[in-house]
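**Student:** Got a structure for you, written out below as C-alpha cells; questions coming shortly.
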Amino acid sequence: MRTPLPLYPPPPLTVWGQIWRYGVAIISGAFSFLLVVGVYQMEGLLNYSPGGPGMLPLVFIDLALAPVMFLAMALRRRKPLLAIVLVSAFAGFSSLGSGAITFTLVSVATRRRWKELIPAAVLWFFSTWAMQAVSTSIWAQGVSTISFEQVTLAEMTISSFTFFTIMVAIGLFIGGRRQAIGALEARVAAAEDIRDARFAQARANERSSIAREMHDVLAHRISLVALHSGALSYRKDLSAEQVAETAEIIRDNSHQALKELRTVLGVLRDPASGLDAPPDLPQPALTDLDVLIQDSRLTGTRIDLHAPKDLLASFDQLNQTISRNAYRVLQECLTNARKHAPNALVTLKLSGNQDDGLFIECRNGVRFAPLASKEVCLPSSGLGLVGMQERIRASGGTLEFGAPSQNFFEVKVWLPWQTR
Numbered sequence: 001m002r003t004p005l006p007l008y009p010p011p012p013l014t015v016w017g018q019i020w021r022y023g024v025a026i027i028s029g030a031f032s033f034l035l036v037v038g039v040y041q042m043e044g045l046l047n048y049s050p051g052g053p054g055m056l057p058l059v060f061i062d063l064a065l066a067p068v069m070f071l072a073m074a075l076r077r078r079k080p081l082l083a084i085v086l087v088s089a090f091a092g093f094s095s096l097g098s099g100a101i102t103f104t105l106v107s108v109a110t111r112r113r114w115k116e117l118i119p120a121a122v123l124w125f126f127s128t129w130a131m132q133a134v135s136t137s138i139w140a141q142g143v144s145t146i147s148f149e150q151v152t153l154a155e156m157t158i159s160s161f162t163f164f165t166i167m168v169a170i171g172l173f174i175g176g177r178r179q180a181i182g183a184l185e186a187r188v189a190a191a192e193d194i195r196d197a198r199f200a201q202a203r204a205n206e207r208s209s210i211a212r213e214m215h216d217v218l219a220h221r222i223s224l225v226a227l228h229s230g231a232l233s234y235r236k237d238l239s240a241e242q243v244a245e246t247a248e249i250i251r252d253n254s255h256q257a258l259k260e261l262r263t264v265l266g267v268l269r270d271p272a273s274g275l276d277a278p279p280d281l282p283q284p285a286l287t288d289l290d291v292l293i294q295d296s297r298l299t300g301t302r303i304d305l306h307a308p309k310d311l312l313a314s315f316d317q318l319n320q321t322i323s324r325n326a327y328r329v330l331q332e333c334l335t336n337a338r339k340h341a342p343n344a345l346v347t348l349k350l351s352g353n354q355d356d357g358l359f360i361e362c363r364n365g366v367r368f369a370p371l372a373s374k375e376v377c378l379p380s381s382g383l384g385l386v387g388m389q390e391r392i393r394a395s396g397g398t399l400e401f402g403a404p405s406q407n408f409f410e411v412k413v414w415l416p417w418q419t420r
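Per full-length UniProt numbering, the sequence shown starts with residue 1, numbered consecutively.
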C-alpha cells in the first residue's frame, strides 16, 4: 500500500490574510451574482409565467446557498473533506458563493489527497449538469434574444468541469511547491541537527582529552609537591640549605602546576575557542625525558634508564602525538611508582626503530610493609593507566600492565614509529 505524502500545512493566516480573502470572495461572488441576474433580466426569464416561474426560484436558491459556501470556506483547513463536498455538491446553484467556492477548492487541492478530490469531482459534475439541465429547459421555453439555445448541455457541463480542473491544478501546484519547500526545510533542519551533534561530540571528545591532560600533568606535579612537603614535615635533620632547596622545588612545581591548570581551564571556560587551536603552553615530548627523570630523582626516586644514545637522539623526529603519548606513559609510570612503591628502584627500558616501532618497558618493585606513621600516603584514583591505555590505543599502539610476579609491577608499551 502506497504511503500518503506527508502534509506540510500552510502558514497560519493573519487577520489581514483573512480580511482580503473573504473580501475577494464576497466581491467576486457579488459580481457573478449580479451578472447572472442581469442576464436573466435581459432575457426576461425571472418571471416567465407561461411555462412556469422562470429563473426566480434559482435566484432564491442561490441566495440561500451563499452562507453555506462561506461556511465551507471557513472549514477548508479544519474539515477539508466536508468543505470540498459542500462546495462541489452545490457549486452549480450558487453564483453568489463562487468566490468562496474557488478559495475552498484551491485550498483543499493543496493537500493533494485524491480521496478528497475524486468524490468532489463526481459531485461537481452532477451539480453543474443538473443546473445546466434546468437552465436549458427553462430557456428553451422562453424567447431568448441571444442564442443560448445554441449552447448544448454537454458544452456547458464541460466548460464548468474545465473550471474545476483548472482550480484543482492550481491547488496541486501550490501543494507540490509547499511540499518541496517543507522537505527542503526538513533536510536543512536535519543537517543542522547532525552538525550540532557532531560539534557537541567534538566538544565532548576535546573535554575528555583535556581531562586526561589534567590528570597527567597535575598528578605528576602534585605528587612531587606532596612528597617534598611531607619530607619537610618529619625530616628534622635537614640543614637550612637542604630545607631551602626543597622549598624551592615545591614552589617551582606548584607554580608549574598552576600555570598548566590555568591553561587547561582557560580552554574549558572559552567555548568560542577553536577545538583544534594549539595550546598556550608547549606540550611535553620525549625530548624532555631528561627533565622528567631529573625531577623524579630530586624526590628520591631511584631510576635506572636503559636507552641507546642513537634512539634518544632520534626522538626529535617522532610525530608530536606519538612523542607526547610516550612521554605521558613514562610520566604516569614514575608517578605511580612514587605513590605505590616509594624508594623502590624504577627501571626504564626504551628501544625500537622506524621499522619495529617504539618499545617502552617500566618495572618497579612493590611495597609489602605498611607505611610508616610519618610517611606520606598519596591518593590515587586507580584509573591513570586505564585512561593511558585508551590514549595509546587511539594512537595505534598497545599498553599492557600488571604484576607478573609478587616482586615487581610492569608496564609494557608499543607505539608505531611515525615521523613528523
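Glycine is no exception: its CB is placed at the ideal position from the N, C-alpha and C atoms. Keep in mind the model is a prediction, meaning the values are calculated, not measured.
With distances taken between CB atoms, is the gap from Val68 to Phe93 smaller than 8 angstroms?
**Tutor:** Stepping through the sequence shown from its first residue, residue 68 is reached at position 68. Stepping through the sequence shown from its first residue, residue 93 is reached at position 93. Not in contact: Val68 and Phe93 (Cβ atoms no closer than 8 angstroms).
**Student:** Could you say if the segment 387-399 and the segment 318-329 meet the contact criterion of at least three C-beta pairs nearer than 8 angstroms?
**Tutor:** yes
**Student:** If contact is defined by three or more beta carbon pairs under 8 angstroms, each pair taking one atom from either stretch, is the segment 115-128 in contact with the segment 30-41?
**Tutor:** no
**Student:** Return yes when the Cβ of Met73 is within less than 8 angstroms of the Cβ of Gln33, no when it is not.
**Tutor:** In the sequence shown, counting from the first residue as 1, residue 33 sits at position 33. In the sequence shown, counting from the first residue as 1, residue 73 sits at position 73. First, the amino acid is wrong: residue 33 is Phe here, not Gln. In this structure, Met73 does not lie closer than 8 angstroms to Phe33 by Cβ.
**Student:** Using the Cβ count rule (16 or more neighbours within 10 Å means buried), how would you classify Arg363?
**Tutor:** Sequence index remark: in the sequence shown, residue 363 carries index 363 (1-based). Buried is the call here.
**Student:** Can you tell me which residues form a DSSP beta bridge with residue 492?
**Tutor:** The question about residue 492 has no answer, for the chain in this structure spans 1 to 420.
**Student:** If distances are taken between C-alpha atoms only, which option among Thr398, Gly396, Cys333 comes closest to Phe409?
**Tutor:** Translated into positions along the sequence shown, residue 409 becomes position 409. With distances taken between Cα atoms, Phe409 lies closest to Cys333.
**Student:** Measuring CB to CB, does Thr110 end up less than 8 angstroms from Gly175?
**Tutor:** By one-based count along the sequence shown, residue 110 stands at place 110. By one-based count along the sequence shown, residue 175 stands at place 175. Yes. Within cutoff.
**Student:** Can you look up Trp414 in the DSSP assignment and give me helix, strand or coil?
**Tutor:** Within the sequence shown, numbered from 1, the residue matching residue 414 stands at position 414. Trp414 falls in the strand class under three-state DSSP.
**Student:** Given this structure, state the Cα-to-Cα distance separating Arg77 from Val108, to the nearest angstrom.
**Tutor:** Residue 77 sits at position 77 when you count from the first residue of the sequence shown. Residue 108 sits at position 108 when you count from the first residue of the sequence shown. Near 7 angstroms, if we compare the C-alpha coordinates of Val108 and Arg77.
**Student:** According to DSSP, what are the bridge partners of Lys236?
**Tutor:** As a first step, residue 236 must be located in the sequence shown, where it is residue number 236. According to DSSP, which records beta bridges pairwise, Lys236 is partnered with nothing at all.
**Student:** What does Lys349 pair with, by DSSP beta-bridge criteria?
**Tutor:** Position 349 of the sequence shown holds residue 349. Answer is His306, Glu361, bridged to Lys349.
**Student:** Does DSSP put Leu318 in a helix, a strand or coil?
**Tutor:** Counting from one through the sequence shown, the residue named residue 318 turns up at place 318. Strand, per DSSP.
**Student:** Would you kindly work out how many angstroms separate the C-alpha atoms of Val366 and Trp417, rounded to a whole number?
**Tutor:** Along the sequence shown, one-based indexing puts residue 366 at 366. Along the sequence shown, one-based indexing puts residue 417 at 417. Distance between the alpha carbons of Val366 and Trp417: 31 angstroms.
**Student:** Could you tell me whether the Cβ atoms of Arg112 and Leu63 are closer together than 8 angstroms?
**Tutor:** In the sequence shown, the residue the question calls residue 112 occupies position 112. In the sequence shown, the residue the question calls residue 63 occupies position 63. Not in contact: Arg112 and Leu63 (Cβ atoms no closer than 8 angstroms).
**Student:** What separation, rounded to the nearest whole angstrom, lies between the Cα atoms of Leu96 and Gly29?
**Tutor:** Taking the sequence shown and counting its residues from 1, one reaches residue 96 at position 96. Taking the sequence shown and counting its residues from 1, one reaches residue 29 at position 29. Distance between the alpha carbons of Leu96 and Gly29: 4 angstroms.
**Student:** By how many angstroms is the C-alpha of Thr347 removed from the C-alpha of Asp304?
**Tutor:** Start at 1 with the first residue of the sequence shown, and residue 304 comes out as number 304. Start at 1 with the first residue of the sequence shown, and residue 347 comes out as number 347. Answer to the nearest angstrom: the Cα atoms are 5 angstroms apart.
**Student:** Sorted by chain position, which residues of the same chain lie with C-beta nearer than 6 angstroms to Trp124's C-beta, five sequence neighbours on each side aside?
**Tutor:** As a first step, residue 124 is located in the sequence shown; it is residue number 124 there, counting from the start. The residues are Ser88, Ala91, Phe164.
**Student:** Would you mind working out which of Leu350, His340, Leu298 sits nearest Ala313, comparing C-alpha positions?
**Tutor:** If you number the sequence shown from 1, residue 313 lands on position 313. With distances taken between Cα atoms, Ala313 lies closest to Leu350.
**Student:** Grouping DSSP H, G and I as helix and E and B as strand, with all else coil, what is Leu371?
**Tutor:** On the sequence shown, position 371 is the one that residue 371 refers to. In this predicted model, Leu371 has a pLDDT of only 45, less than 50, meaning its place in the structure is not dependable; the value taken from the coordinates is given anyway. Three-state DSSP puts Leu371 in coil, outside helix and strand.
**Student:** CB Arg256 to CB Leu292, shorter than 8 angstroms?
**Tutor:** In the sequence shown, counting from the first residue as 1, residue 256 sits at position 256. In the sequence shown, counting from the first residue as 1, residue 292 sits at position 292. According to the sequence shown, residue 256 is Gln rather than Arg. Contact: no.
**Student:** With a 10 Å radius around its C-beta and 16 neighbouring C-beta atoms as the bar for buried, classify Asp295 as buried or exposed.
**Tutor:** Here residue 295 is taken as the residue at index 295 of the sequence shown, counted from 1. Answer is buried; the Cβ neighbour count reaches 16.
**Student:** Compare the C-beta of Ser88 with all C-beta atoms of chain D and state if any pair is closer than 8 angstroms.
**Tutor:** This model lacks chain D altogether, as it is built from one protein chain only.
**Student:** Report buried or exposed for Leu286, applying the criterion of at least 16 other Cβ atoms within 10 angstroms of its Cβ.
**Tutor:** Sequence index remark: in the sequence shown, residue 286 carries index 286 (1-based). Buried: at least 16 other Cβ atoms inside 10 Å.
**Student:** Counting only the same chain and skipping the five closest in sequence on each side, list residues whose C-beta sits under 6 angstroms from that of Ala307.
**Tutor:** The sequence position of residue 307 within the sequence shown is 307, counting from 1. Here the set comprises Leu350.
**Student:** Shortest alpha-carbon distance to Leu318 belongs to which of Leu358, Ile249, Thr301?
**Tutor:** Taking the sequence shown and counting its residues from 1, one reaches residue 318 at position 318. It is Leu358.
**Student:** For Leu399, name the three-state secondary structure that DSSP assigns.
**Tutor:** Taking the sequence shown and counting its residues from 1, the one referred to as residue 399 is at position 399. Correct three-state label for Leu399: strand.
**Student:** Kindly give me the distance between the Cβ atoms of Ala83 and Leu75, rounded to whole angstroms, as I take these residues to be in contact under 8 angstroms.
**Tutor:** Position 83 of the sequence shown holds residue 83. Position 75 of the sequence shown holds residue 75. Contact flag correct, Cβ pair sits at about 4 angstroms.
**Student:** Helix, strand or coil: which one does DSSP assign to Thr301?
**Tutor:** Mapped onto the sequence shown, residue 301 falls at position 301. Coil.
**Student:** Could you have a look at Thr162 and say whether DSSP puts it in helix, strand or coil?
**Tutor:** As a first step, residue 162 is located in the sequence shown; it is residue number 162 there, counting from the start. Secondary structure at Thr162: helix, using DSSP grouped into helix, strand and coil.
**Student:** Looking only at its chain, what residues have a beta carbon closer than 6 angstroms to the beta carbon of Ser98, apart from the 5 residues adjacent to it on each side?
**Tutor:** Taking the first residue of the sequence shown as position 1, residue 98 is located at position 98. So the qualifying residues of the chain are Gly29, Ser32.
**Student:** Less than 8 angstroms between C-beta atoms, sequence neighbours within five positions excluded: which residues of the same chain meet that for residue 442?
**Tutor:** It is not possible to answer for residue 442, since the shown part of the chain is limited to 1 through 420.
**Student:** Report the rounded CA-to-CA distance for His340 versus Arg297, giving the unit in angstroms.
**Tutor:** In the sequence shown, counting from the first residue as 1, residue 340 sits at position 340. In the sequence shown, counting from the first residue as 1, residue 297 sits at position 297. Those two C-alpha atoms are separated by around 16 angstroms.
**Student:** For Leu58 and Ile166, I'd like the C-alpha separation in whole angstroms.
**Tutor:** Indexing the sequence shown from 1 puts residue 58 at position 58. Indexing the sequence shown from 1 puts residue 166 at position 166. The straight-line gap from Cα to Cα measures roughly 26 angstroms.
**Student:** Drop a sphere of 10 angstroms on the beta-carbon of Val386, count the other beta-carbons inside from all chains shown, and report buried for 16 or more, exposed for fewer.
**Tutor:** What you label residue 386 is simply residue 386 of the sequence shown in a count that begins at 1. Val386 is exposed by the Cβ-count criterion.
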